[in-house]
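K.L.:
The structure under discussion is supplied below as structure tokens; questions concerning it will follow.
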């Protein structure tokens, strides 16, 4: 193996595949980056058990003198290329023992790892040649995921809830996330050949979003039984899917609202933020409970009370006059701020059905996006 | 106690006194901020055992309706004032139990702590009225401290080395820091009434530097037996001094150099940085050992070797021709990068006396600043 490569291009690709490089692992071989050099292109591959990423370099950036392959400690290779102050580097394997990385004034010799120890990588479109890809536009896809992914469960009590449900039917693609205490849902128009349904782990989506941040255009998506592959330009991103039945969430979303309150978004956000400073923390779910009350004089009071520290109260005047009953409701302030954050409009509306009933946070500017929050009982 | 205060001014002062608010402590009372309100000014005071800070607010920012005092959880008071979106707040104590903080739309009630539990604060200039202050200019003082403070010891094996020695004699003020493996020293012209000598803990200096960052002009410095007080505008900053004899460092500084090498500073810095990527870490002192060699063809090679990972070599061509013997020397790369960082000139010079002798890092542009590094034995 012997090639010359443009450092910027190599670093770009290393930054992508780094997303599947585990920081610690019970399988040390996964700390390696697999380098495969062919006649006129090369592949860089990483895999952390959940995600596999492969990125291809070809064209002018690469000048292959000898094909070959090697496996090398990922962290060190990335650190070196990041710090090398050179336009091009030369890389070659010496006596099957060392990967030599040479620039004008620097020479690094990295011990190679045993290539044959690396797990066999085969992407779903190679295993199953008959898989038809679905074409997805990068920008609306990553925006939609960002708008709802925070509502997935962090703990593994119900593993299926640690992922996002993607469901396509009736020409609608819906994105659903819930941790059992809140639910976020986005609906988009979509044109697919056939219906599909899959649950992608939120952790994998986080890495996928990072890669998509720099990518405009279409992604090809190959869905298999327990894996999905995204083809993003010259990069393959494959993740396992979560198995099991995703709960039917349609029953949770209330529809018969007795009270609508329209807020100036920033004002509500800041009031919640301040009141949360003193609100009692629920250790287990790490949240702050605050109380929202509609007073008799039709203003809104947001408050929290903490025996050890003190009390906080904020008064907000809603945008429109409130029609509906007087009401007191308690909830996790983080759930409300997460929901508001994903609705960057000038105002947000909260719709209530009753004091201990789930309520909806939404905005006219985002008709396809809604957040449902389950209240907590007030003492 | 009852007053109205400008929020920005209050926050400014809270940000200053926060530096002596402990994040955790065995004396919970120190988590409080002491507020003393007088007829036309108020004091905010914090103390973490090592440092005491008191900041005064007076003038237009403050409107006192009733004098008084209270002690309140510092963290919460600061969080609230930081997030209050209001020009002014009103603060008053209610029934000796609650501190009420009121702005246009918000009301916070913080439980007060027992004021009488707070330690008695008396600054050295109040205890000893005959103490004469020394006037120090803020800018050169903080610059000099920054140039050498990193060389103090982190561990407490020799407590005196965790501080910086300030010594004034013969119209020279010298700043010295050493951890036993390297030494940094700055000499400045100074005009004082009488000689002095004190060792200030590096931790205290770090907080002092933060406060001085926003302060131009003169500081008054009152030195007592075991404490020093800095009067910085309307702020008092007092810290304990380290007791014990600071070692005589004059013997460590070599003077008879056989070899001078002048480097392009950035080139040297980057080479060291890259080579350190692979250098072996000394667990105990958390350092990377690199080797510098003068080769027969009069270029410089910087290298490191790590059995587990691999080797790195950099070649540097010095600015001037090297006169002197061939040489190989090993050292902690962090010590060299720390030294280079404090010399932001276009070139730096390293002066050697021999292979296992301390060497000096300096720059013509900073004639009053020098760094000495002790080498490590090479295998």
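Residue numbers (the working numbering), protein chains in the order written: chain A, 75 to 453; chain B, 75 to 453. Each residue gets a CB set at the ideal place from its N, CA and C atoms; glycine is no exception.
Within 10 angstroms of its Cβ, does residue 275 of chain A collect 16 or more other Cβ (buried), or is it exposed?
P.N.:
By the beta-carbon neighbour count (other beta carbons within 10 angstroms, threshold 16), residue 275 of chain A is buried.
K.L.:
What beta strand (DSSP E) runs, 3 residues minimum, are completely inside the stretch 117–153 of chain A?
P.N.:
Correct list: 125–132, 136–140, 142–147.
K.L.:
Should residue 385 of chain B be flagged as near chain A, meaning a C-beta pair shorter than 9 Å?
P.N.:
yes
K.L.:
In whole angstroms, what is the alpha-carbon distance linking residue 264 of chain B and residue 282 of chain B?
P.N.:
20 Å
K.L.:
Take every Cβ of the stretch 304–311 of chain B, pair it with every Cβ of the stretch 338–345 of chain B, and state whether three or more of those distances are shorter than 8 Å.
P.N.:
no
K.L.:
Apply the 10 Å Cβ neighbour rule to residue 296 of chain A and answer buried if 16 or more other Cβ atoms are within range, or exposed otherwise.
P.N.:
buried
K.L.:
For the alpha helix (DSSP H) containing residue 214 of chain B, list its first residue and its last residue.
P.N.:
Membership of residue 214 of chain B in the alpha helix (DSSP H) is indicated by the continuous run 212–222.
K.L.:
Determine whether the Cβ of residue 347 of chain A lies closer than 9 Å to any Cβ atom of chain B.
P.N.:
Answer yes: the Cβ-Cβ gap between residue 347 of chain A and chain B drops below 9 Å somewhere.
K.L.:
Give every residue of the same chain whose Cβ lies closer than 8 Å to the Cβ of residue 233 of chain B, excluding the five residues on either side of it in the sequence, and list them in chain order.
P.N.:
If we look at residue 233 of chain B and ignore the five residues flanking it on each side, its Cβ neighbours are 316, 318.
K.L.:
I'd like to check one pair, residue 127 of chain B with residue 242 of chain B: are the Cβ atoms closer than 9 Å?
P.N.:
no
K.L.:
Flag residue 180 of chain B as yes if its beta-carbon sits less than 9 Å from any beta-carbon of chain A, otherwise no.
P.N.:
Yes - at least one Cβ of chain A is within 9 Å of the one on residue 180 of chain B.
K.L.:
Using three-state DSSP, classify residue 169 of chain A as helix, strand or coil.
P.N.:
coil
K.L.:
Would you report the Cα separation of residue 220 of chain A and residue 436 of chain A, rounded to the nearest angstrom?
P.N.:
16 Å
K.L.:
In chain order, what residues of the same chain have a beta carbon less than 7 Å from the beta carbon of residue 454 of chain B, not counting five sequence neighbours either side?
P.N.:
In this structure chain B extends from 75 to 453, so residue 454 of chain B is not present and cannot be described.
K.L.:
Give the secondary structure of residue 344 of chain A by DSSP, where H, G and I count as helix, E and B as strand, and everything else as coil.
P.N.:
helix
K.L.:
List the residues of chain B that residue 185 of chain A touches, going by C-beta distances under 8 Å, in chain order.
P.N.:
382, 383, 384, listed in chain order.
K.L.:
Out of B:168, B:236, B:193, B:289, point me to the one whose CA is closest to residue 214 of chain B's CA.
P.N.:
B:289
K.L.:
Taking CB distances under 9 Å as the criterion, tell me whether residue 166 of chain A reaches chain B.
P.N.:
Answer no: the Cβ-Cβ gap between residue 166 of chain A and chain B never drops below 9 Å.
K.L.:
Taking the straight line between their C-alpha atoms, what separation do you get for residue 331 of chain A and residue 323 of chain A?
P.N.:
18 Å
K.L.:
Going by alpha carbons, who is nearest to residue 255 of chain B out of B:407, B:280, B:422?
P.N.:
Nearest C-alpha to residue 255 of chain B: B:407.
K.L.:
Does the pairing of the stretch 383–396 of chain A with the stretch 162–181 of chain B give three or more beta-carbon distances under 8 Å?
P.N.:
yes
K.L.:
If you follow the alpha helix (DSSP H) that residue 185 of chain A is part of, which residue opens it and which one closes it?
P.N.:
Here residue 185 of chain A belongs to no alpha helix (DSSP H); instead the beta strand (DSSP E) covers 180–187.
K.L.:
Flag residue 344 of chain A as yes if its beta-carbon sits less than 9 Å from any beta-carbon of chain B, otherwise no.
P.N.:
yes
K.L.:
Taking residue 417 of chain A as the query, report the chain B residues whose CB atoms sit under 8 Å from its CB, ordered along the chain.
P.N.:
Neighbours of residue 417 of chain A on chain B: none; closest Cβ ~20 Å, over 8 Å.
K.L.:
Tell whether a beta-carbon distance below 9 Å holds between residue 284 of chain A and residue 211 of chain A.
P.N.:
no
K.L.:
State the start and end residues of the unbroken beta strand (DSSP E) segment that holds residue 375 of chain A.
P.N.:
374–380
K.L.:
Under the three-state reduction of DSSP, which class applies to residue 191 of chain A: helix, strand or coil?
P.N.:
helix
K.L.:
Between the stretch 127–159 of chain B and chain A, which residues of the former have CB atoms less than 8 Å from a CB of the latter, in chain order?
P.N.:
Residues passing the 8 Å Cβ filter: 147, 150, 153, 154, 157, 158, 159.
K.L.:
Can you list the residues of chain B that residue 388 of chain A reaches, using a CB-CB cut of under 7 Å?
P.N.:
179, 180
K.L.:
What ranges does the beta strand (DSSP E) occupy inside the stretch 269–340 of chain A, keeping only unbroken runs of at least 3 residues that lie completely in it?
P.N.:
270–275, 292–297, 301–306, 309–314, 333–338
K.L.:
According to the Cβ coordinates, are residue 403 of chain A and residue 179 of chain B closer than 9 Å?
P.N.:
no
K.L.:
List the DSSP bridge partners of residue 428 of chain B.
P.N.:
Beta-bridge pairing links residue 428 of chain B to no other residue.
K.L.:
Please classify residue 417 of chain B: does DSSP put it in a helix, a strand, or coil?
P.N.:
Reduced to three states, the DSSP call for residue 417 of chain B is coil.
K.L.:
Is the stretch 407–420 of chain A close to the stretch 331–340 of chain A, with three or more CB pairs under 8 Å?
P.N.:
yes
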